[in-house]
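The structure under discussion appears below in the form of structure tokens.
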Amino acid sequence: MEPVEINTGGYYLRQLRADHLVDDRPALVAAFADPLMRRFVSYVVDTLDAAGDYVRRRAEEWAADRRCSWAIAEPTTGELLGEVGLKDLDPTEGTAEVAVWVTPAARGKGVATAVVGAVVRFGFDALGLREICYAHSPDNHASREVARRCGFTPAGSDGDLLRHRLTATDA
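Here the sequence shown stands for residues 1 to 171, where the numbers follow full-length UniProt numbering.
Quick look at the structure:
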């Protein structure tokens with residue numbers, strides 16, 4: 001599938017980039033160096049080369065219909081504020097899992113709630129998904145709050161993760 005851009009009003013969702021016009025790599029390295037990110041996100045992006053690989057992987061996942069992933073950008077400056085996506089896409093079953101992270105400077109401002117809401121609407125309306133899950137560490141209270149604010153309902157735990165779900169009929 002071709003990447004889709006979404007204007008949420010307050011944020012611009014676009015594909016991650018590393019080209020002559022927009023280079024998200026330095027912002028990715030800085031974001032992944034944050035201790036809170038390192039605690040809750042399993043990826044290691046600690047060099048510009050690793051960030052370039054990360055951007056390429058996300059583009060490949062779009063092309064293979066495995067994941068829709070958006071850079072969360074400030075609409076006037078293009079500054080990278082985080083990433084949101086629908087991973088583990090299964091068009092046959094109509095399911096996916098939402099994932100989101102935001103930079104330290106963007107935390108506590110409602111960014112994650114706004115973009116998760118937009119991506120969930122995209123998943124249900126444009127992709128025809130029937131269920132979207134959201135999983136996070138039990139210690140990640142911000143993610144728990146995002147799930148609640150976006151209408152997800154608790155669906156138990158799976159190993160080290162708390163799971164939430166939202167169906168198209170609930171949205």
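Here a beta-carbon is modelled for each residue, glycine too, at the ideal position from N, C-alpha and C.
Model, not experiment: these values are computed from the prediction.
Check, Outcome
"Any chain C beta carbon closer than 8 Å to arginine 149", "No chain C appears in the structure shown, which is made up of a single protein chain."
"Aspartate 24 classed as buried or exposed, judged by whether at least 16 other C-beta atoms fall within 10 angstroms", "buried"
"For threonine 77, three-class secondary structure by DSSP", "coil"
"Endpoints, beta strand (DSSP E) assigned at serine 157", "153 to 158"
"Whole-angstrom distance between arginine 38 and valine 29, CA atom to CA atom", "11 Å"
"Residues bridged to serine 69 [DSSP beta-bridge criterion]", "Gly85"
"Paired residues, beta bridge with histidine 141 - DSSP", "DSSP output for histidine 141 lists no bridge partner at all."
"Buried versus exposed, by CB contacts within 10 Å (16 or more), leucine 21", "exposed"
"Alanine 147 versus glutamate 131 - alpha carbon distance", "14 Å"
"Contact under 8 Å by Cβ, aspartate 65 with proline 91", "yes"
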